[in-house]
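Working notes, beginning with the structure itself.
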Amino acid sequence: MNDLAKTPVTVITGFLGSGKTTLIRHLMRNPGGKRLAILVNEFGTLGVDGDILKSCADENCPVENIVELANGCICCTVADDFIPTIEALMAMPQRPDHILIETSGLALPKPLLKAFDWPAIRSRITVDGVITLADAEAVAAGRFAPDPDAIAAQRASDDSIDHETPLSEVFEDQVACADIVLLSKADLAGDAGLAAARSIISAESPRAVPMLAMTDGIIDPRIILGLNSAAENDIAARPSHHDGEDDHEHDDFDSVSVSLPETVDPDVLAESIRRLAREQNILRVKGYVAVKGKPMRLLVQAVGERVRSQFDRPWGDTPRTSQLVVIAERRHIDRAAIEATLGV
Numbered sequence: 623m624n625d626l627a628k629t630p631v632t633v634i635t636g637f638l639g640s641g642k643t644t645l646i647r648h649l650m651r652n653p654g655g656k657r658l659a660i661l662v663n664e665f666g667t668l669g670v671d672g673d674i675l676k677s678c679a680d681e682n683c684p685v686e687n688i689v690e691l692a693n694g695c696i697c698c699t700v701a702d703d704f705i706p707t708i709e710a711l712m713a714m715p716q717r718p719d720h721i722l723i724e725t726s727g728l729a730l731p732k733p734l735l736k737a738f739d740w741p742a743i744r745s746r747i748t749v750d751g752v753i754t755l756a757d758a759e760a761v762a763a764g765r766f767a768p769d770p771d772a773i774a775a776q777r778a779s780d781d782s783i784d785h786e787t788p789l790s791e792v793f794e795d796q797v798a799c800a801d802i803v804l805l806s807k808a809d810l811a812g813d814a815g816l817a818a819a820r821s822i823i824s825a826e827s828p829r830a831v832p833m834l835a836m837t838d839g840i841i842d843p844r845i846i847l848g849l850n851s852a853a854e855n856d857i858a859a860r861p862s863h864h865d866g867e868d869d870h871e872h873d874d875f876d877s878v879s880v881s882l883p884e885t886v887d888p889d890v891l892a893e894s895i896r897r898l899a900r901e902q903n904i905l906r907v908k909g910y911v912a913v914k915g916k917p918m919r920l921l922v923q924a925v926g927e928r929v930r931s932q933f934d935r936p937w938g939d940t941p942r943t944s945q946l947v948v949i950a951e952r953r954h955i956d957r958a959a960i961e962a963t964l965g966v
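Note that my numbering numbers the sequence shown so that position 33 is 655, with each residue one more than the last.
Following this line, the structure appears as structure tokens:
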């Protein structure tokens, strides 16, 4: 790469559990001859996504090229975290050909785009494109759209209510910022679900953008890398619910980290996690669990009542400590109730 050429950066956004890490793993396995670097930003103190990606490191994306910024929003800590991280990646003996940024599922992408205008980096990197993942099954089921009748009733009783729900605001901001929307979990949504998701997203998008169905993160990298959109130059075309605000808050959502004893039956744990979604409106659960009598750790990931688990690697010398991060709207976070449901 010519030293004067800007390094392209792809911002991969999407709500909790939409499949961002799965997509990045696919890109790592199919880099198209590019040397990649990855910056992962998570909501919560347990870095599950970064750990998953580091386990997939290879010569095209060595482990030192995978940087994790946990428990924070990179667009809120630009000077302290984001800029130094980008500068460190650009100063590597082998400069990456392409940088992927996986945002937190609760992130608003537009403030991150504004960070690319910082003098320290604006002449060296450019936003090749913003890729928004949307869980097609969840979108079709209306999990991100507020009940219009309920909102109307609330507004009738309280005229200070003038905005959508926290979930719908994040979802709409992520869609509005996109150059391409990937409809993930297409196999679960089916043809009818995909059609419904397309209709909902088209209604929310301020401009026409391509929408492509995707299952298990599999898509031709040439479709989403090399867009040359220079998104930092057309921020005005990407509206946000928070336009005009100097700062943006993350007070609508919260997380707790729960330590568990060794699990005897993973199926019982999975049902407890489903109960959290049903009874306590928990959005996302992820982490690692020690199963009695098993030498490998169990990776657990849940979105609502969808719970998936797999043994990913031996514990080895790592302490057999079970820990789950539980994420929900702040008003639904009750540590005692969560721990009781999980049997702590």
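Every residue, glycine too, gets a C-beta built ideally from N, C-alpha and C.
Task: Terminal residues of the beta strand (DSSP E) in which His720 lies - done: 720-724
Task: CB of Arg896 within 9 Å of CB of Tyr910, strictly - done: no
TODO: Go ahead and label Arg906 buried or exposed: buried means 16 or more other beta carbons lie within 10 angstroms of its beta carbon, across all protein chains shown.
DONE: buried
TODO: Per DSSP, which residues does Thr885 bridge with? Please list them.
DONE: Val913
- [ ] Helix, strand or coil for Pro630, going by three-state DSSP, please let me know.
- [x] strand
Task: Cβ-based burial, Ser877 [other Cβ within 10 Å; buried from 16] - done: Buried is the label assigned to Ser877, since at least 16 other Cβ atoms lie within 10 Å of its Cβ.
- [ ] Spatial neighbours of Lys914 within its chain, please: CB distance less than 8 Å, with the 5 preceding and 5 following residues excluded, ordered by chain position.
- [x] Closer than 8 Å at Cβ, skipping near neighbours: Glu884, Thr885, Val886.
Task: Closest Cα partner of Gly926 within the set Gln902, Arg717, Leu946, Arg935 - done: Gln902
Task: Outcome for Asn855 when other beta-carbon atoms lying within 10 angstroms are tallied against a minimum of 16 - done: exposed
Task: Pairwise C-alpha distance: Leu804 and Arg820 - done: 10 Å
Open item on the list: Are the CB atoms of Phe637 and Pro890 within a distance shorter than 9 Å?
Closed with: Position check: residue 890 holds Val in this sequence, whereas Pro was assumed. Taking 9 Å as the Cβ cut-off, Val890 and Phe637 do not qualify as a contacting pair.
TODO: Starting from the C-beta of Leu898, find all residues in its chain whose C-beta is less than 6 Å away, skip the five residues before and the five after it, and write them out in chain order.
DONE: Here the set comprises Ile904, Thr963.
- [ ] Decide if Asn687 is buried, meaning its Cβ has at least 16 other Cβ atoms within 10 Å, or exposed.
- [x] Result: buried.
Task: According to DSSP, residues forming a beta bridge with Glu968 - done: Absent from the model: residue 968. The displayed extent of the chain is 623 to 966, so no value can be given.
Task: Per-residue burial, Met714 [other beta carbons within 10 Å of its own, 16 or more giving buried] - done: With a 10 Å radius around the Cβ and a threshold of 16 neighbouring Cβ atoms, Met714 comes out exposed.
TODO: Count the other C-beta atoms from every protein chain shown that fall within 10 angstroms of the C-beta of Pro941, then say buried if there are 16 or more, exposed otherwise.
DONE: So Pro941 counts as exposed.
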